[in-house]
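Novice:
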Amino acid sequence: MRHRHRTLLPPTEPPWKKTVRRFLIGSGLLGMLYLYVFVLSPASCSSVQKKIDQTVEQNTRAETGGSRAASDEEKTPGRAALNLQVPAEITGETQEDLMVRDQLAARMVSGRVQKKEKFTQSLVRNGVDMAEARRLISAFESKNVFNFARAQPGQLFTIQMSDDGTRVFTFEYHFSSRMKLQAQRTAKGFTVQKITAPVMSAPWAVGVRIQTNLKAALEAVGENAQLAALVEALFRDEIEPREFEKGDTVRILVEKRTLHKKFFAYGPVLAVQLVSRRKGSFSAYRGPNGGYYTADGLSFFRRFLPRPLPGNAPPEPDPQTGGVVFPAHRNPPVWTLAPGKVVEAGWAGQLGRRVEIVHENEVRSVFYQLGSIATGLKAGDTVTRRQIIGSAGFSGTTPDRNGAGVLVTQAGRPVSIYALSTTRQDPLPADLVPAFSRQVETHGALLSALQFDAMGLAKSTANATVKKEEKTEKAPAAGKPASRKRKPPVRP
-4 MRHRHRTLLP
6 PTEPPWKKTV
16 RRFLIGSGLL
26 GMLYLYVFVL
36 SPASCSSVQK
46 KIDQTVEQNT
56 RAETGGSRAA
66 SDEEKTPGRA
76 ALNLQVPAEI
86 TGETQEDLMV
96 RDQLAARMVS
106 GRVQKKEKFT
116 QSLVRNGVDM
126 AEARRLISAF
136 ESKNVFNFAR
146 AQPGQLFTIQ
156 MSDDGTRVFT
166 FEYHFSSRMK
176 LQAQRTAKGF
186 TVQKITAPVM
196 SAPWAVGVRI
206 QTNLKAALEA
216 VGENAQLAAL
226 VEALFRDEIE
236 PREFEKGDTV
246 RILVEKRTLH
256 KKFFAYGPVL
266 AVQLVSRRKG
276 SFSAYRGPNG
286 GYYTADGLSF
296 FRRFLPRPLP
306 GNAPPEPDPQ
316 TGGVVFPAHR
326 NPPVWTLAPG
336 KVVEAGWAGQ
346 LGRRVEIVHE
356 NEVRSVFYQL
366 GSIATGLKAG
376 DTVTRRQIIG
386 SAGFSGTTPD
396 RNGAGVLVTQ
406 AGRPVSIYAL
416 STTRQDPLPA
426 DLVPAFSRQV
436 ETHGALLSAL
446 QFDAMGLAKS
456 TANATVKKEE
466 KTEKAPAAGK
476 PASRKRKPPV
486 RP
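Residue numbers for the sequence shown follow my numbering, so the first one is -4 and each next one is one higher.
As structure tokens, this is what we get:
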């Protein structure tokens, strides 16, 4: 009798157990991946947040310690420690901010329409570029504000424009005693308006002691933020807006314009006195021909920028080209040093992306190793001061660092950028000096009359005089009608 041997097989596992096991294994792997990506990884959200918190805490401690040290130690005006750190993020200035500075430095021209002359010809005869004159007139006519075919001989107009006439900043045309046309240049073109009511203007003196920033200080005394922008643009060549600090005093004499007895806009800033704890004391006075000058008649504006890109890191010499390299973090914008004309823009072998600009007085500036060149920039283009021509970076083989290389020459010889930045624009013409001196004496006396109180505010008696002139009849008390004087009857 044969015995059959039966092979023992392992018990079969139910299918549902396999599914559960696979689900648990997959969930575990996903959990580990999630833990690494969002918690353990150096680039995780929690790690980044911790670094941000640590940085904020360190900066807060540094600012607290710095403010305490500054309060314990008296600062000498005009002296400050140099910060050699390159900013990680650049918050560039808007085109509007740069335009305000150029407008303050522009010259003022007045003219009249002559017989048998088109208005375009009148503008060109007074120094306006033909293309700019057409753009200005088109701004009025395209919006049906005014047709300049109605212009009559003898009518007066005033223009504030650049020296070469390629940019008109403000335009005012007196068509009649009851109608005036105005245009203001913006980054997007001209804004135009027709004013049919008389606009009253009077000088207004105001002084503040800064607690946080200039804008907040002026708003605390009831002024508009536009006045702060004008003052910051006026001092941009000497002090950056972020360098205004607590304790600085500013005295301003500005023309205030009213329409229907309400504030309409600020006119030109007539005089400004600034006492900065960091940079020293400055005084600027508006000239009879526009522009701003010191009390001695020297221009308040510099011709060249001291550096072509944001930040305050000192430049490094480049022995291969004879120029300097401004270190940069990431790709900040690169500016022109002064107005000029582009000679070359493109690739230049070892120098990488290169832009060459020719300025007045045989000065040439060459920018090389640029990360990029501004779109549309080409040879023959006219550029303005502080116009963006590209961005810093690295291109070519010289030099071997991230930034922007600059070589400035005059008559073929290398010159220092800082030496050029000390040169000023043209001084006041000699025939205008006597009238300007009298104006400085008058405006300086009005500013000196401003006395600061305990709150850091200053009031002038000149403003009280202006207010009295603007006052009209008092309004009747509530519930009481205004009394009207009746004329006596006319007897035959």
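Note that beta-carbon positions come from the ideal geometry of N, C-alpha and C, so glycine has one too. Since the structure is predicted, the reported quantities are computational estimates derived from the model, not experimental observations.
I'd like the span of the beta strand (DSSP E) that includes G184, first residue to last.
Specialist: Per DSSP, G184 belongs to the beta strand (DSSP E) from G184 to I190.
Novice: How would you label F299, buried or exposed, when you count the other beta carbons within 10 angstroms and need 16 or more for buried?
Specialist: Classification of F299: buried, given that the 10 Å Cβ count is 16 or more.
Novice: Going by the CB atoms, is the gap between R162 and E136 shorter than 8 Å?
Specialist: No, the pair does not count as a contact, with Cβ atoms beyond the cut-off.
Novice: Using a Cβ-Cβ cut-off of 8 Å (strictly less than) and excluding sequence neighbours within five positions of R396, which residues of its own chain qualify?
Specialist: Counting only Cβ-Cβ distances below 8 Å, and skipping sequence neighbours, we find E311, V320, P322 and F389.
Novice: Quick check on E227: does DSSP put it in helix, strand or coil?
Specialist: Three-state result, E227: helix.
Novice: Under the assumption that L423 contacts G217 (Cβ atoms under 8 Å), give the Cβ distance between them as a whole number of angstroms.
Specialist: The pair is not a contact, with the Cβ atoms about 34 Å apart (cut-off 8 Å).
Novice: Report yes if the C-beta of V187 is less than 7 Å from at least one heavy atom of the ligand ATP; otherwise report no.
Specialist: As for the ligand ATP, it is missing from this structure, which has no ligand bound.
Novice: Who are the near neighbours of D421 in its chain, counting only those whose CB is closer than 8 Å to its CB and skipping five residues on each side?
Specialist: So the qualifying residues of the chain are S294.
Novice: Should A182 be labelled buried (16 or more other beta-carbon atoms within 10 Å of its own) or exposed?
Specialist: Exposed, by the Cβ-count rule.
Novice: Please report the Cβ distance between V245 and L209, rounded to the nearest whole angstrom; I am assuming they are in contact, meaning their Cβ atoms lie under 8 Å.
Specialist: With 8 Å as the limit, V245 and L209 qualify as a contact, their Cβ atoms being about 7 Å apart.
Novice: Please determine, among R252, S367, V358 and G335, the residue with the shortest C-alpha to C-alpha distance to L346.
Specialist: Closest option to L346, Cα to Cα, is S367.
Novice: Given a threshold of 16 other Cβ atoms within 10 Å of its Cβ, counted over all protein chains shown, does L430 qualify as buried or as exposed?
Specialist: The residue you asked about is not Leu; residue 430 is Ala in the sequence shown. Its Cβ having fewer than 16 others within 10 Å, A430 is exposed.
Novice: Please report the straight-line C-alpha distance between T165 and G391, rounded to a whole angstrom.
Specialist: Roughly 44 Å separates the two Cα atoms.
Novice: Please name the residue, chosen from L99, Q147, A101 and N139, that lies closest to F114 on a Cα-to-Cα basis.
Specialist: The residue with the shortest Cα to Cα distance from F114 is Q147.
Novice: Determine the contact status of G318 and V350, defining contact as a CB-CB distance below 8 Å.
Specialist: Not closer than 8 Å, so no.
Novice: According to DSSP, simplified to helix, strand and coil, what is H324?
Specialist: Reduced to three states, the DSSP call for H324 is coil.
Novice: Whole angstroms is fine: what's the gap from W330's alpha carbon to D448's?
Specialist: Rounded to whole angstroms, W330 to D448 spans 42 Å at the Cα level.
Novice: Use the C-beta contact count for V15: other C-beta atoms within 10 angstroms, 16 or more gives buried, fewer gives exposed.
Specialist: By the neighbour-count rule (16 or more Cβ atoms within 10 Å), V15 is not buried but exposed.
Novice: Does Q382 have its Cβ less than 8 Å from a Cβ in chain D?
Specialist: In summary, chain D is missing from the structure at hand, where a single protein chain is found.
Novice: Rounded to a whole number of angstroms, what is the C-alpha to C-alpha distance between P198 and A266?
Specialist: Going by the C-alpha atoms only, they are around 10 Å apart.
Novice: Taking Cβ to Cβ, would you say Y261 is nearer than 8 Å to L229?
Specialist: No, they are not a contact pair.
Novice: In three-state DSSP terms, what is Q382?
Specialist: Correct three-state label for Q382: coil.
Novice: On the CB-based measure, 16 or more other CB atoms within 10 Å of its CB, does M27 come out buried or exposed?
Specialist: Result: exposed.
Novice: Leaving out five residues on either side along the sequence, give the residues of the same chain with a beta carbon under 6 Å from the beta carbon of E465.
Specialist: Because E465 sits at a pLDDT of 43, beneath the cut-off of 50, its placement in the model cannot be relied upon, and the following sentence gives the value as read from the coordinates. No residues qualify anywhere along the chain.
Novice: Alpha carbon to alpha carbon, how far is H438 from A477? Give it in angstroms, no decimals.
Specialist: Any answer about A477 is weak, because its pLDDT of 41 lies below 50 and its placement is not dependable; what the coordinates show is given next. Cα to Cα, the separation comes out at about 41 Å.
Novice: Suppose you measure from the CA of T253 to the CA of F239; what does that come to, to the nearest Å?
Specialist: Rounded to the nearest angstrom, the two C-alpha atoms are 30 Å apart.
Novice: Give the secondary structure of V435 by DSSP, where H, G and I count as helix, E and B as strand, and everything else as coil.
Specialist: Note: V435 maps to helix in three-state DSSP.
Novice: Among F141, V403 and K111, which residue has its Cα nearest to the Cα of V358?
Specialist: Closest by alpha carbon: V403.
Novice: Taking DSSP as the reference, what is the three-state secondary structure of L265?
Specialist: Strand, per DSSP.
Novice: Would you call R74 buried or exposed, if buried means 16 or more other Cβ atoms sit within 10 Å of its Cβ?
Specialist: Note that R74 has pLDDT 34, beneath the 50 cutoff, so the model's placement of it is unreliable and the number below is only indicative. Burial call: exposed.
Novice: What three-state label does DSSP hand P9 in the structure shown?
Specialist: In the structure shown, P9 sits in coil (DSSP, three-state: anything other than H, G, I, E or B).
Novice: Using three-state DSSP, classify M125 as helix, strand or coil.
Specialist: It is helical.
Novice: Pull up the distance between the alpha-carbon of L118 and that of G375, whole angstroms please.
Specialist: Those two C-alpha atoms are separated by around 25 Å.
Novice: List, from N- to C-terminal side, the alpha helix (DSSP H) runs of 4 residues or more that fit wholly inside the stretch 91 to 122.
Specialist: Qualifying alpha helix (DSSP H) stretches, in chain order: 114 to 120.
Novice: When the Cα atoms are used, what is the spatial distance from R180 to V270?
Specialist: Approximately 31 Å, taken between the alpha carbons.
Novice: What did DSSP end up calling F296 once you bin it into helix, strand or coil?
Specialist: Reduced to three states, the DSSP call for F296 is coil.
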